[in-house]
Amino acid sequence: MLPIVQLVHRPGILDLGWGHPDPTALPVAAIRRATDATLMRYGADALAYGAERGPGPLIEWICARLAHIDARPPDPAEVLITSGASQALDLLCTLITTPGDTVLVESPTYHLAVRILRDHPLHLVAVPSDADGIDVEALTIILRQLAKRGRKARMLYCVPTYHNPTGVCLSMERRRALAMIAAEHGFVLVEDDVYRELSYDAPAPPSVWSIAPPGAVVRIASFSKSLAPGLRLGYLTADASLTRQLIGSGLLDSGGGVNPFTALTVAEVCATGDFEATVTQLCAMYRERRDALAQSLCTYLPPGCRFTVPGGGFFQWVELPEGVDAATLLPHAEQAGVSYLPGSRFYLNGARSNTLRLSFSLYPPHQLAEAARRLGEAVAVGLDAAPLR
């Protein structure tokens with residue numbers, strides 16, 4: 000039988016490599032109610048080709064929601080409904096870059112976004128980051144070096160809020176600086192903002208888009224983490240002139256707005272209060288899981304290991320002692336019954352081989368504690384055998 004879902008369960012292995020929501024927490028009942036209500040309310044219009052920008056009810060809700068959780072709400076003309084953040088990034092690459100353009104990527108970064116960027120013939124350049132997020136001083140130096148070679152950056156991709164893979168939140172000082180650098184140098188900053196709703200300790204900081212000069216930033220977002228990934232629904236906020244350009248693409252001109260029935264259904268979920276209730280439940284659940292994993296890592300990881308405790312999102316970033324290669328260690332970890340993603344996958348050049356990413360989203364606290372115990376056991380063996388390269 001052909002598979003239905005992407006997630007693959009391997010018996011005996013607690014796999015902390017998957018950055019997926021917990022399937023048991025997906026709001027099946029709320030979406031069922033919203034589906035029925037959408038057909039009752041809109042009838043055949045819900046099944047027709049949709050408006051290119053996306054359905055008005057969802058766009059209006061997004062504007063109202065961002066007025067509540069961000070520094071400024073978009074105007075409806077600044078919003079475009081997409082089939083997720085990944086499709087939004089691909090659409091931006093298609094329409095605002097040309098072959099050979101230089102695209103900057105924070106390092107480390109979301110590895111599957113790099114896959115999307117590499118689907119286009121672009122020249123990728125890494126920009127280093129630290130505990131406060133992307134290093135704006137290093138970015139300035141890189142831009143200066145490009146200028147000396149007669150090149151300009153066309154785009155910069157980053158995840159400022161609850162970063163994938165490190166969990167770091169970009170400081171406000173750097174958010175302001177990044178927005179001004181993008182405006183000054185004329186590149187488009189693509190802000191991947193998919194984890195904004197999943198804040199565990201305090202509200203997420205303002206998006207870079209919300210504090211940037213007009214036209215400098217495009218923010219891409221998704222309902223995959225806050226509602227359900229199978230909806231394949233997201234949105235972007237950008238200057239109205241850019242959303243008009245995107246709406247004029249052949250894709251939207253030919254097929255109309257993406258996922259119009261799903262978008263209307265999600266608008267219904269949001270209008271009834273089910274979205275906010277779902278997010279509240281998810282934040283409580285993931286906060287407990289984050290804390291359980293962090294406490295267990297403190298208990299079980301050998302001395303010399305360090306890890307982040309994020310304020311939101313799905314991920315904790317672990318640094319192993321120098322000389323321990325996380326990719327080489329992985330088969331030993333899986334023999335112990337735990338898996339993860341080696342940190343080298345999140346760098347353009349495979350650097351920082353002593354790092355790894357853990358996701359706490361899939362498992363309840365007691366299984367996360369057991370996963371940390373198994374990981375600590377594997378790392379201890381790796382330290383005894385170092386250098387594992």
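Residue numbers (numbering that gives the first Met the number 0): 0 to 388. No residue lacks a Cβ here, since even glycine has one placed at the ideal position from N, Cα and C.
Asked                                                                                                                                                                       : Found
Excluding the 5 residues flanking Thr449 on each side, which residues of the same chain have their C-beta closer than 7 Å to its C-beta?                                    : The question about residue 449 has no answer here: the residues shown for the chain are numbered 0 through 388.
Would you give the residue range spanned by the beta strand (DSSP E) that Cys157 belongs to?                                                                                : Ala152 to Cys157
If I'm right that Leu398 touches Tyr285 with Cβ under 8 Å, what's the distance once you round it to whole angstroms?                                                        : Shown here, the chain extends from 0 to 388; a query on residue 398 therefore has no answer.
Quick one: using the 10 Å Cβ neighbour count with 16 as the cut-off for buried, is Arg143 buried or exposed?                                                                : exposed
Taking the DSSP output, what are the residues bridged to Val317?                                                                                                            : Phe306 and Leu355
Using CA atoms only, rank isn't needed, just tell me which of Ser128, Asp200, Thr261 and Leu300 is closest to Pro54.                                                        : Thr261
Alpha carbon to alpha carbon, how far is Leu361 from His19? Give it in angstroms, no decimals.                                                                              : 7 Å
Could you work out which residue in His365, Val323 and Pro364 is closest to Asn353 when comparing CA atoms only?                                                            : Val323
Since Gly55 is in the beta strand (DSSP E), which residue starts that stretch and which ends it?                                                                            : Where Gly55 is concerned, there is no enclosing beta strand (DSSP E), although the alpha helix (DSSP H) it sits in stretches over Gly55 to Ile68.
So, using beta-carbon positions, are Val167 and Thr307 closer together than 8 Å?                                                                                            : yes
Tell me which same chain residues have a C-beta within less than 6 Å of the C-beta of Asp273, skipping the five on either side of it?                                       : Ala29
Drop a sphere of 10 angstroms on the beta-carbon of Val317, count the other beta-carbons inside from all chains shown, and report buried for 16 or more, exposed for fewer. : buried
Could you tell me whether the region 331-338 touches the region 369-376, where touching means 3 or more Cβ pairs closer than 8 Å?                                           : yes
Just list the beta strand (DSSP E) runs in the region 126-210, keeping only unbroken ones of 3 residues or longer that don't cross its boundaries, in chain order.          : 152-157 and 187-191
On the criterion of 16 or more Cβ atoms from any shown chain inside 10 Å, does Gly256 qualify as buried, or is it exposed?                                                  : buried
How long is the line joining the alpha carbons of Gly249 and Gln86, rounded to whole angstroms?                                                                             : 14 Å
Check whether the Cβ atoms of Tyr194 and Ile61 lie closer than 8 Å to each other.                                                                                           : no
Suppose the cutoff is 6 Å on Cβ atoms and the five residues either side in sequence are ignored; what does the same chain contact list for Ala182 look like?                : Pro212 and Ala215
From what residue to what residue does the beta strand (DSSP E) around Glu105 run?                                                                                          : Thr101 to Ser106
Look at the alpha carbon of Leu25 and the alpha carbon of Ile3, and state the distance between them as a whole number of angstroms.                                         : 16 Å
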